[in-house]
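Engineer: Residue numbers (the numbering used here): 177 to 475.
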């Protein structure tokens with residue numbers, strides 16, 4: 177157990193120091209000079225959890241056994257289907273719930289989508305179908321292909337978080353505190369980007385702490401779901417597929433609003449209503465994990 181604690185401590189130190197150094201020293205100056213460009217750099221951060229995992233294994237001489245990287249399709253097709261299609265279904269369900277509760281927020285003319293098309297140099301008037309139909313087609317494409325298209329980037333995080341950090345936490349403590357702690361760690365890792373305006377914007381009451389807290393809650397829910405997928409399959413690839421699917425479809429519904437909605441409410445999954453189905457799925461996953469015996473070892 178001492179070796180597990182040491183390895184985990186080294187990993188967390190590396191992933192926070194190196195990731196935050198990149199965020200503060202590279203992303204922050206870029207955001208100040210070119211606000212639209214920093215989001216591209218933010219995607220680079222997704223590779224730090226895996227890079228730090230590999231570096232930790234080298235520094236601690238832990239080796240490279242049990243990497244949780246084999247696909248393990250046999251007997252787990254249903255879990256892969258859940259990972260691939262489940263997040264999109266849950267996020268769309270959350271958006272539908274938001275618009276059901278706030279119908280005045282729904283704008284089928286998709287003004288933000290038309291604006292994004294204009295910024296991309298696409299002539300909306302030349303399109304043969306209405307904006308909302310184009311958006312629905314994009315949502316379908318994101319749902320069907322997003323997990324695969326975003327797999328490499330998502331694996332950059334999940335091989336570190338679910339493939340290394342969570343197995344350590346599950347060996348050191350019971351499943352429920354392990355998942356809660358893991359989710360908070362994952363959420364806090366995003367803190368510099370949240371303070372910069374990623375996901376929640378800036379200037380809201382309680383900025384940036386309210387946004388960081390909301391991200392921690394979202395990461396606890398998603399982390400429980402992703403950990404469930406990893407534990408059931410013995411591979412972090414389903415978690416990466418699910419993570420990629422979330423990233424692909426999470427912003428689609430905001431284009432059906434005039435102002436993007438409220439990031440703390442919905443329709444995006446960062447909001448408590450938009451993200452409610454995803455959080456409930458995480459809660460169910462947590463119940464399943466809690467029924468499993470903790471992977472503890474004698475000190």
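The beta-carbon is built from N, C-alpha and C at its ideal position, and this holds for glycine as well.
Alpha carbon to alpha carbon, what distance is there between residue 280 and residue 228?
Structural biologist: Here residue 228 refers to the residue found at position 52 of the chain shown. Here residue 280 refers to the residue found at position 104 of the chain shown. Each residue's Cα considered, the two are about 46 Å apart.
Engineer: What residue does the alpha helix (DSSP H) around residue 233 start on, and which one ends it?
Structural biologist: The residue given as residue 233 occupies position 57 in the chain shown. Where residue 233 is concerned, the enclosing alpha helix (DSSP H) stretches over 224-235.
Engineer: Alpha carbon to alpha carbon, how far is residue 368 from residue 203? Give it in angstroms, no decimals.
Structural biologist: As a working mapping, residue 203 is identified with position 27 in the chain shown. As a working mapping, residue 368 is identified with position 192 in the chain shown. Cα to Cα, residue 203 sits roughly 10 Å from residue 368.
Engineer: Between the alpha carbons of residue 224 and residue 305, how many angstroms are there, rounded?
Structural biologist: To locate residue 224, count along the chain shown from 1; it is residue 48. To locate residue 305, count along the chain shown from 1; it is residue 129. So the alpha carbons of these two residues sit roughly 41 Å apart.
Engineer: In this structure, does DSSP put residue 423 in helix, strand or coil?
Structural biologist: Numbered from its first residue, the chain shown carries residue 423 at position 247. Correct three-state label for residue 423: helix.
Engineer: So, residue 267 versus residue 456, is the Cβ gap smaller than 9 Å?
Structural biologist: To locate residue 267, count along the chain shown from 1; it is residue 91. To locate residue 456, count along the chain shown from 1; it is residue 280. No, these two residues do not count as a Cβ contact at 9 Å.
Engineer: Am I right that residue 380 and residue 386 are in contact with their C-beta atoms under 8 Å? What's the rounded C-beta distance?
Structural biologist: Mapped onto the chain shown, residue 380 falls at position 204. Mapped onto the chain shown, residue 386 falls at position 210. With 8 Å as the limit, residue 380 and residue 386 qualify as a contact, their Cβ atoms being about 7 Å apart.
Engineer: Residues in the same chain with beta-carbon distance under 7 Å from residue 187, minus the five sequence neighbours each way, listed in chain order, please.
Structural biologist: As a position in the chain shown, residue 187 is number 11, starting the count at 1. Excluding sequence neighbours, residue 187 sits near 228, 229, 232, 340 and 341.
Engineer: Return the bridge partner residues of residue 442 from the DSSP annotation.
Structural biologist: Within the chain shown, the letter at position 266 stands for residue 442. In DSSP, residue 442 forms a bridge with 438.
Engineer: When you compare each of 209, 450 and 383 to residue 276 by their alpha carbons, which one comes out closest?
Structural biologist: In the chain shown, the residue the question calls residue 276 occupies position 100. Minimum Cα distance to residue 276 is reached at 450.
Engineer: Under 8 Å Cβ to Cβ from residue 206, same chain only, skipping five residues before and after it: list those, please.
Structural biologist: The residue labelled residue 206 in the question sits at position 30 within the chain shown. Closer than 8 Å at the Cβ level, and outside the excluded window around residue 206, lie 213, 214 and 217.
Engineer: What does the alpha-carbon distance come out to for the pair residue 209 and residue 347?
Structural biologist: Stepping through the chain shown from its first residue, residue 209 is reached at position 33. Stepping through the chain shown from its first residue, residue 347 is reached at position 171. Distance between the alpha carbons of residue 209 and residue 347: 45 Å.
Engineer: Is there contact here, the stretch 312-332 with the stretch 406-423, by at least three beta-carbon pairs under 8 Å?
Structural biologist: At 8 Å Cβ cutoff, the stretches touch.
Engineer: Is it right to say residue 411 is buried, meaning 16 or more other beta carbons lie within 10 angstroms of its own, or is it exposed?
Structural biologist: Mapped onto the chain shown, residue 411 falls at position 235. The residue is buried, with at least 16 neighbouring Cβ atoms inside 10 Å.
Engineer: Count the other C-beta atoms from every protein chain shown that fall within 10 angstroms of the C-beta of residue 250, then say buried if there are 16 or more, exposed otherwise.
Structural biologist: Numbered from its first residue, the chain shown carries residue 250 at position 74. Looking at its Cβ environment, which holds fewer than 16 other Cβ atoms inside 10 Å, residue 250 is exposed.
Engineer: I think residue 465 touches residue 407, with their Cβ atoms under 8 Å apart; what is that distance to the nearest whole Å?
Structural biologist: Within the chain shown, numbered from 1, the residue matching residue 465 stands at position 289. Within the chain shown, numbered from 1, the residue matching residue 407 stands at position 231. At roughly 7 Å, the Cβ-Cβ gap stays under 8 Å, so residue 465 and residue 407 are in contact.
Engineer: Among 182, 199 and 354, which one has its Cα closest to the Cα of residue 395?
Structural biologist: In the chain shown, counting from the first residue as 1, residue 395 sits at position 219. When only C-alpha atoms are compared, the closest one is 354.
Engineer: Given this structure, state the Cα-to-Cα distance separating residue 221 from residue 334, to the nearest angstrom.
Structural biologist: Taking the first residue of the chain shown as 1, we reach residue 221 at position 45. Taking the first residue of the chain shown as 1, we reach residue 334 at position 158. Cα to Cα, residue 221 sits roughly 12 Å from residue 334.
Engineer: Measuring straight from C-alpha to C-alpha, what distance separates residue 219 and residue 263?
Structural biologist: Counting from 1 along the chain shown, the entry for residue 219 is found at position 43. Counting from 1 along the chain shown, the entry for residue 263 is found at position 87. The straight-line gap from Cα to Cα measures roughly 20 Å.
Engineer: Taking the alpha-carbon positions, what's the residue 321 to residue 352 distance?
Structural biologist: Within the chain shown, numbered from 1, the residue matching residue 321 stands at position 145. Within the chain shown, numbered from 1, the residue matching residue 352 stands at position 176. Taking the straight line from one Cα to the other gives about 32 Å.
Engineer: Within its chain, find whatever has a CB closer than 6 Å to the CB of residue 330; leave out the 5 residues flanking it on each side and keep chain order.
Structural biologist: Walking along the chain shown from the start, residue 330 turns up at place 154. Contacts found: 416, 419 and 420.
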